[in-house]
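Everything below concerns the one structure shown next.
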Amino acid sequence: MLTFKGEMLIVPHEKLRKRVAEVLPDKVDSTFLQLMKEVIDETGAAGLAANQIGFNRRVIMFKDGEMYRWHINPKIISVSIEWEYDFESCLSIPDERGSYRVFRVPRYEWVEVTDSVDVGTFHHYSGFLARVVQHEIDHLNGILISDFGNEEIPVC
Ligand SMILES: [Zn+2]
Numbered sequence: 000m001l002t003f004k005g006e007m008l009i010v011p012h013e014k015l016r017k018r019v020a021e022v023l024p025d026k027v028d029s030t031f032l033q034l035m036k037e038v039i040d041e042t043g044a045a046g047l048a049a050n051q052i053g054f055n056r057r058v059i060m061f062k063d064g065e066m067y068r069w070h071i072n073p074k075i076i077s078v079s080i081e082w083e084y085d086f087e088s089c090l091s092i093p094d095e096r097g098s099y100r101v102f103r104v105p106r107y108e109w110v111e112v113t114d115s116v117d118v119g120t121f122h123h124y125s126g127f128l129a130r131v132v133q134h135e136i137d138h139l140n141g142i143l144i145s146d147f148g149n150e151e152i153p154v155c
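Going by numbering that gives the first Met the number 0, the first residue of the sequence shown is number 0, and it counts up by one from there.
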């Protein structure tokens, strides 16, 4: 069994700021996907982008209930007119107290996604999952939640 021995990249690591190039779907094997699952399990994250753990691969994974979903070369092809604002944190943006900084981030209420695995299939995500998918795809484009500029200052 493959175990994650690397590190979660944290800001201001330059790899978090690069747009990740597309990958050939056959380059993303079950071993790699298993690795991403393990990192999600170990960290309790809602989702993960491959570049957060140092891999230059355009892959995201997230939990949908007990299920893991992933997209290789995900592309948002349709979005809602409505926006929703909600709080998000990110494994790549820890604070000094061993927790994570929280930002209020605008997201589309729903998105439709295609990928390189099942070409022609439209995956519809709404609510929380839509938020997670947008967060992870942002990572692949070098965008972080801190870019939205609405940090919530914790009450001490
Ligand atoms: Zn993140």
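Cβ coordinates follow ideal geometry from the N, Cα and C atoms, glycine included. Since the model is a prediction, treat every value here as computed from it, not as a measurement.
query, result
"My output table needs one value for Gly126: the three-state DSSP class, helix, strand or coil.", "helix"
"Measure the C-alpha to C-alpha separation of Val78 and Asp114 and round it to an integer number of angstroms.", "16 Å"
"Please name the residue or residues paired with Asp85 in a DSSP beta bridge.", "Val104"
"Using a 10 Å radius around the Cβ and a threshold of 16 neighbouring Cβ atoms, would you call Leu23 buried or exposed?", "exposed"
"Would you mind working out which of Glu21, Asp63, Pro105, Arg100 sits nearest Lys74, comparing C-alpha positions?", "Glu21"
"Fully enclosed by the stretch 9–48, which beta strand (DSSP E) runs are 3 residues long or longer?", "46–48"
"So, under 8 Å CB-CB, Leu90 and Gln33 are touching, yes? Tell me the CB distance rounded to an integer number of Å.", "Going by Cβ atoms, the distance from Leu90 to Gln33 rounds to 19 Å, so no, they are not a contact pair."
"For Glu83 versus Glu111, is the C-beta spacing smaller than 7 Å?", "no"
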